[in-house]
Amino acid sequence: MVKNSSEESPDNTKFLERHSTFRKFLKVALIVILILAGLNLASYLRHYFALDHGRLPEEYEVLSVELLIEDGGRLVWTPDGESLYYDKVDPDAEKIDNVEVYTIYRYDFDSGKSKKIISSEDSDAPPGNKGQPTISPNGYWLLFQGEYENHEASRIWCHPGKGKHNNLWVMNLNTSELYQLTDYGENEGVLHPHFSPDGTKICFSHLYSGEGWTGSWQIRIADFSIDGGTPSLENVKSIKPGAQEGEHTIFYETHDFSEDGETLLFTSDIDTGAMGLSEIYTYAMDSEKLVRLTHSWECHDEHANYSPDKKKIIWISKMQQQWALYRT
Numbered sequence: 241m242v243k244n245s246s247e248e249s250p251d252n253t254k255f256l257e258r259h260s261t262f263r264k265f266l267k268v269a270l271i272v273i274l275i276l277a278g279l280n281l282a283s284y285l286r287h288y289f290a291l292d293h294g295r296l297p298e299e300y301e302v303l304s305v306e307l308l309i310e311d312g313g314r315l316v317w318t319p320d321g322e323s324l325y326y327d328k329v330d331p332d333a334e335k336i337d338n339v340e341v342y343t344i345y346r347y348d349f350d351s352g353k354s355k356k357i358i359s360s361e362d363s364d365a366p367p368g369n370k371g372q373p374t375i376s377p378n379g380y381w382l383l384f385q386g387e388y389e390n391h392e393a394s395r396i397w398c399h400p401g402k403g404k405h406n407n408l409w410v411m412n413l414n415t416s417e418l419y420q421l422t423d424y425g426e427n428e429g430v431l432h433p434h435f436s437p438d439g440t441k442i443c444f445s446h447l448y449s450g451e452g453w454t455g456s457w458q459i460r461i462a463d464f465s466i467d468g469g470t471p472s473l474e475n476v477k478s479i480k481p482g483a484q485e486g487e488h489t490i491f492y493e494t495h496d497f498s499e500d501g502e503t504l505l506f507t508s509d510i511d512t513g514a515m516g517l518s519e520i521y522t523y524a525m526d527s528e529k530l531v532r533l534t535h536s537w538e539c540h541d542e543h544a545n546y547s548p549d550k551k552k553i554i555w556i557s558k559m560q561q562q563w564a565l566y567r568t
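Quick note: the sequence shown uses the working numbering, first residue 241, plus one each step.
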């Protein structure tokens with residue numbers, strides 16, 4: 241019997257099916273590669289033209305760059321401009337869960353030397369990380385984050401730049417006395433505290449729930465009150481600018497007050513839905529007006545601050561996986 245050439249054997253049929261599936265896979269993979277390449281090219285071109293072909297913006301001149309402190313971060317100037325406060329790993333502190341502990345230092349420009357402000361042996365200080373310092377306008381009070389003990393969170397989330405299991409503390413710079421301002425519990429935390437220009441208020445980000453990958457955050461504003469020499473927070477208010485009713489997993493990172501203390505400058509993922517793609521906003525507390533200042537694509541914008549005359553804003557932005565400095 242002669243076999244019909246049009247009939248395929250079962251083995252050939254399976255081979256053709258596998259071959260067809262493989263070709264479809266290659267087509268899909270090629271399309272994905274082309275899309276990713278196009279997005280990467282678009283991001284590069286945006287970065288290229290945004291920086292005016294690599295040239296610095298007009299009226300911008302770098303006078304000098306000098307490394308002051310190895311591995312220091314989250315700094316703040318003293319009101320007289322003669323010193324810096326910053327946090328850094330404390331080489332004298334005993335590691336917690338085999339992770340290094342941060343503390344706060346002061347750098348003096350005249351001497352060119354740094355001095356540890358909070359010792360790891362100080363029993364009145366928070367036992368874990370101490371960082372993210374900021375100073376009251378009168379130079380009397382040092383506000384900072386302090387990690388509390390007896391928690392089971394991963395140590396990386398308790399870093400001064402993350403804020404989980406942190407509370408707000410303040411130091412009297414004249415007496416070195418320490419005071420705890422907040423008492424948040426398990427899976428809560430604080431981040432980026434700042435004084436208002438007149439020193440009567442503070443703002444900070446509050447992690448109030450561990451829900452979601454980055455947690456649920458809100459902005460808190462409080463009166464900074466002194467009674468008999470003892471500081472405390474009064475009239476604490478919570479706000480979530482731009483959030484919808486029942487929306488929780490939003491990231492907020494407070495950065496600065498306007499000159500009159502009525503507008504907040506902050507970073508958030510309100511519109512992007514991803515902390516790593518956050519944008520910069522202002523929020524007028526009286527009118528509740530929210531303004532988005534940056535419209536970056538494939539970027540993370542943060543650490544925004546007003547210039548001393550409050551006429552400009554400076555921030556950092558990650559473009560093409562690199563951090564850069566901008567102003568507006």
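No residue lacks a Cβ here, since even glycine has one placed at the ideal position from N, Cα and C.
If only uninterrupted alpha helix (DSSP H) runs of at least 4 residues are considered, none is enclosed by the segment 405–485. In the displayed model, glycine 371 falls within a strand according to three-state DSSP. Between isoleucine 466 and tyrosine 492, the CB-CB gap reaches or exceeds 8 angstroms. Per DSSP, asparagine 545 is one residue of the beta strand (DSSP E) stretching across 540–546. Boundaries of the beta strand (DSSP E) around threonine 343: 342–348. Taking one beta carbon from each stretch, the segment 438–447 and the segment 489–504 have 3 or more pairs nearer than 8 angstroms; the two touch. Distance from the CA of serine 360 to the CA of lysine 529, rounded to the nearest whole angstrom, comes to 43 angstroms. Sequence-distant Cβ neighbours of histidine 488 in its own chain, meaning closer than 6 angstroms and more than five residues away, are Glu451 and Ser456.
In this structure, the alpha-carbon of phenylalanine 384 lies about 4 angstroms from that of proline 373. Straight-line measurement puts the Cα of leucine 382 at about 24 angstroms from the Cα of tyrosine 448. Leucine 431 is positioned such that its CB atom lies closer than 8 angstroms to that of glycine 403. Taken atom to atom, the span from the alpha-carbon of tyrosine 380 to that of proline 471 is near 11 angstroms. Assignment of threonine 489 by DSSP, reduced to helix, strand and coil, places it in the coil class. Secondary-structure assignment with DSSP links tyrosine 326 through a beta bridge to Tyr345. Leucine 505 sits away from threonine 422, with the two beta carbons spaced by 8 angstroms or more. Around the beta-carbon of isoleucine 490, 16 or more other beta-carbon atoms lie within 10 Å, marking it buried.
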